[in-house]
Amino acid sequence: MQRTTLYILITGFAVCIISCLYFLLLALGISSMLLALILTLAAVGGMVWFFIREKTGLLSEQSSFRMAITAFLLLNMMMRVDAITEKYGGWDAWAIWNLHARYLANPDHWQQLFLNVRYGHPDYPMLLPATIAYFSRVIGAGPELPAFILGIFFTFAIPVLLFMQQAQKSIIIATIVALVPAMDTFFLHQGVSMYADVPLAFFFLCAVIAVSLPVAYRLRFLLAGAALGCCIWTKNEGMILAGIFFLYHVRGIMKERGLLWLLMGAVMPILTLLILKVGFAPANDLVQGIGYHTLAQLTDTHRYIVVYSSFKKILSEQLSYMMSGIFICGILYLWRKVIPGKNMMMIWTCIIAYFMVYIMSSQDLEWHLATSADRLLLQLMPATMLIIAEEISDIGPFSFMRFNFAGQ
Amino acid sequence: MLPFISSGSRLGVVHPGADAGIYMQCRYLLAPVYITGDKEQMPDTVLYVGDFNGRDSAMMTQINNRRVLWQASDSIYHYYLTSIR
């Protein structure tokens with residue numbers, strides 16, 4: 001693993017720790033920012049020390065050639081986001097995420113947030129709002145600037161992570177796989193819209209990266225657990241992604257006695273989410289909407305056609321590059337007569353799970369699809385791109401692309 | 409307007425039509441004040457947001473029957489923060 005990859009992962013986990021500690025202190029009725037700061041520094045510092053101590057010779061330095069490509073990626077994204085950034089973010093940013101942050105930034109009246117049942121979604125996990133609230137109190141301003149900086153971090157980190165992770169195998173495939181999202185206006189726009197979908201995509205990618213680390217790196221399940229915990233604490237969909245991820249990797253985890261490490265990584269965000277869900281938040285509207293009519297929806301073929309058409313449209317228009325990659329992998333599987341890899345199957349299971357969420361949704365189906373389906377599929381894009389790149393470089397006829405200019 | 413409203417207070421919002429956007433914007437800008445648009449459960453203090461071009465006579469009647477605490481206008485709307493007399 002690249003040293004830079006580990007630093008990016010740790011930064012993501014630090015965001016999670018800050019949000020968990022800030023929310024827990026609020027829940028305990030402690031409004032001291034100093035205590036929040038001391039606890040955060042201690043937790044983040046401890047984590048950094050723990051991971052750096054465990055380098056075991058597996059962390060490699062970044063070559064100057066790779067640094068140049070990374071700089072090009074970042075420059076390219078910076079130039080593009082300038083034109084598409086909105087001050088208050090998209091609708092969901094100010095109507096949900098930053099709204100929650102404004103409540104959480106007030107230690108005396110933050111619980112009024114849970115009265116906003118109409119359009120407010122107060123049951124949503126708090127990774128983004130709590131971090132934004134923490135930093136908006138630190139700087140003594142509104143939530144927009146911290147939300148924007150967080151959005152930029154997660155958006156920019158994804159192509160960089162994709163590049164770093166794949167560059168060890170093939171610099172050419174790594175450049176392609178990182179450059180495609182870095183040039184995708186839809187992805188960049190979602191990223192700087194201050195929504196939670198790109199952060200969720202980032203953490204899901206981190207989980208896939210973590211389990212792909214060499215077996216010798218004994219902290220890989222701790223990293224994977226932390227990434228899955230972050231998924232759960234970022235969005236409700238994170239629970240679906242984490243559950244499917246766990247099911248697909250449970251055999252490997254048990255075989256390598258990694259369950260304890262995985263749980264250690266995930267325990268803090270899971271406990272914080274439990275406190276939120278059990279102690280404060282009202283029931284989720286989608287879960288509450290499940291009833292006898294759901295059975296009728298499950299047997300309604302028209303709903304399947306509508307959801308299929310919507311998914312097909314998104315995958316062939318907004319995320320056509322992801323679909324093309326999956327298609328290329330499909331051809332390779334047939335040509336090489338191999339079955340798809342575990343991670344690729346996991347992605348398909350996630351897509352099917354999201355498909356079924358819409359089938360069972362109690363909301364107006366057309367509206368629900370129009371307002372969220374593209375963002376849900378985007379959550380899977382970075383992990384899918386990495387998996388596609390790994391499948392192509394592992395089973396594809398592109399061995400010449402394994403040539404690495406950096407000589408590493 | 410914020411100096412007139414305590415952070416822990418509850419405020420009703422009445423606005424023209426069924427535009428959820430105005431209600432959501434009020435909620436965002438005035439958080440952590442709890443904002444409700446439910447006409448059945450209006451608190452004592454209500455913010456009326458009226459259309460600048462087409463004066464809503466029914467809304468104006470309601471406002472006239474209340475005590476106006478604060479008012480302002482921009483290029484689109486009139487804003488009246490009111491309480492019961």
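In the order they appear, the protein sequences are chains V and B.
No gaps in the numbering here: position 233 of the first sequence is 233 in my numbering, and each next residue is one more.
Numbers given in my numbering equal positions in the second sequence, counted from 1, plus 408.
Using N, Cα and C, we set each Cβ at its ideal position, and we do this for glycine too.
Keep in mind the model is a prediction, meaning the values are calculated, not measured.
With C-beta atoms as the reference, is residue i less than 9 angstroms away from residue j?
{"i": "V/M183", "j": "V/I8", "result": "no"}
{"i": "V/Y124", "j": "V/W97", "result": "yes"}
{"i": "B/P440", "j": "V/W110", "result": "yes"}
{"i": "V/G229", "j": "V/V267", "result": "yes"}
{"i": "B/Y487", "j": "B/G458", "result": "yes"}
{"i": "V/M1", "j": "V/L162", "result": "no"}
{"i": "V/M385", "j": "V/V177", "result": "yes"}
{"i": "B/I413", "j": "B/T444", "result": "no"}
{"i": "V/I314", "j": "V/A353", "result": "no"}
{"i": "V/H121", "j": "V/D364", "result": "no"}
{"i": "V/F153", "j": "V/T11", "result": "yes"}
{"i": "V/V307", "j": "V/L369", "result": "yes"}
{"i": "V/L25", "j": "V/S31", "result": "yes"}
{"i": "B/L437", "j": "B/L419", "result": "no"}
{"i": "V/I173", "j": "V/F65", "result": "no"}
{"i": "V/H305", "j": "V/A27", "result": "A quick correction: the sequence has Ile, not His, at residue 305 of chain V. Result no, Cβ atoms of V/I305 and V/A27 do not sit closer than 9 angstroms."}
{"i": "V/G265", "j": "V/V211", "result": "no"}
{"i": "V/Y248", "j": "V/N343", "result": "yes"}
{"i": "V/K235", "j": "V/A196", "result": "yes"}
Checking contacts by CB at 9 angstroms: is residue i closer than that to chain B?
{"i": "V/R118", "result": "yes"}
{"i": "V/D108", "result": "yes"}
{"i": "V/W348", "result": "no"}
{"i": "V/Y124", "result": "no"}
{"i": "V/N76", "result": "no"}
{"i": "V/G407", "result": "With a pLDDT of only 42 at V/G407, under 50, the local geometry of the prediction cannot be trusted, and no value is derived from it."}
{"i": "V/N98", "result": "yes"}
{"i": "V/Q190", "result": "no"}
{"i": "V/L276", "result": "no"}
{"i": "V/W367", "result": "no"}
{"i": "V/R137", "result": "no"}
{"i": "V/Q318", "result": "no"}
{"i": "V/A95", "result": "yes"}
{"i": "V/A105", "result": "yes"}
{"i": "V/Q112", "result": "yes"}
{"i": "V/L377", "result": "no"}
{"i": "V/L115", "result": "yes"}
{"i": "V/R102", "result": "yes"}
Please list, in chain order, all residues of the same chain as residue i whose beta carbon is under 7 angstroms from its beta carbon, the five residues on each side excluded.
{"i": "V/G142", "result": "S136"}
{"i": "V/Q297", "result": "R303, I359 and M360"}
{"i": "V/L273", "result": "P125, I232 and W233"}
{"i": "B/H423", "result": "I430, Y431 and V457"}
{"i": "V/P269", "result": "C16, C20, G229, C230, I232 and W233"}
{"i": "V/I69", "result": "F163 and T175"}
{"i": "B/D464", "result": "P424 and G458"}
{"i": "B/Y485", "result": "V457, G458, D459 and F460"}
At the 9 angstroms Cβ level, is residue i part of the contact set with chain V, yes or no?
{"i": "B/A466", "result": "no"}
{"i": "B/P451", "result": "no"}
{"i": "B/G445", "result": "yes"}
{"i": "B/P440", "result": "yes"}
{"i": "B/N416", "result": "For clarity, residue 416 of chain B is Gly in the given sequence; the question names Asn instead. Yes, B/G416 lies at the interface with chain V (some Cβ there is under 9 angstroms from its Cβ)."}
{"i": "B/P411", "result": "no"}
{"i": "B/Y485", "result": "no"}
{"i": "B/Q433", "result": "yes"}
{"i": "B/G428", "result": "For the record, residue 428 of chain B in the displayed sequence is Ala; it is not Gly. Yes, contact with chain V."}
{"i": "B/L436", "result": "Position check: residue 436 of chain B holds Tyr in this sequence, whereas Leu was assumed. For B/Y436, the answer is yes, since a Cβ of chain V falls inside 9 angstroms of its Cβ."}
Which residues in the same chain as residue i place their Cβ atom closer than 8 angstroms to its Cβ, once the five residues preceding and following it in sequence are excluded?
{"i": "V/S193", "result": "E86, G89, G90, D92, A93 and G151"}
{"i": "V/I351", "result": "F311, L377 and L380"}
{"i": "V/D108", "result": "S31"}
By Cβ distance below 6 angstroms, which residues in the same chain neighbour residue i in space, the five residues on each side in sequence not counted?
{"i": "V/L191", "result": "This sequence places Gly at residue 191 of chain V; Leu is not what is there. Excluding sequence neighbours, V/G191 sits near G151, T155 and V198."}
{"i": "V/P382", "result": "I158, A201 and L205"}
{"i": "V/S362", "result": "G289"}
{"i": "B/V421", "result": "Y431, C434, I443, G445 and L455"}
{"i": "V/D394", "result": "none"}
{"i": "V/L145", "result": "none"}
Thinking residue i and residue j are a contact (beta carbons under 8 angstroms), I'd like their distance in whole angstroms, please.
{"i": "V/V208", "j": "V/I339", "result": "Not a contact, Cβ separation roughly 19 angstroms."}
{"i": "V/E390", "j": "V/L332", "result": "With a Cβ gap of about 12 angstroms, V/E390 and V/L332 do not count as contacting."}
{"i": "V/F246", "j": "V/A227", "result": "Going by Cβ atoms, the distance from V/F246 to V/A227 rounds to 12 angstroms, so no, they are not a contact pair."}
{"i": "V/L113", "j": "V/H100", "result": "6 angstroms"}
{"i": "B/V477", "j": "B/T490", "result": "The sequence shown places Leu at residue 477 of chain B, not Val. Correct: roughly 6 angstroms between the Cβ atoms."}
{"i": "V/L73", "j": "V/V160", "result": "6 angstroms"}
{"i": "V/F51", "j": "V/L104", "result": "The Cβ separation is near 28 angstroms, so there is no contact."}
{"i": "V/I347", "j": "V/H189", "result": "About 23 angstroms; that fails the 8 angstroms criterion."}
Consider the C-beta atom of residue i and the heavy atoms of the ligand FMN; say whether any pair is separated by less than 8 angstroms.
{"i": "V/G289", "result": "The ligand content of the structure shown is nil, which means the ligand FMN is not present either."}
message: Would the region 9–28 of chain V count as touching the region 119–134 of chain V if we require 3 or more Cβ pairs under 8 angstroms?
response: Verdict: yes, contact present.
query: Counting Cβ pairs closer than 8 angstroms, one from the region 309–327 of chain V and one from the region 217–228 of chain V, do we hit at least three?
result: With a cut-off of 8 angstroms, the region 217–228 of chain V and the region 309–327 of chain V do not count as touching, because too few Cβ pairs lie within range.
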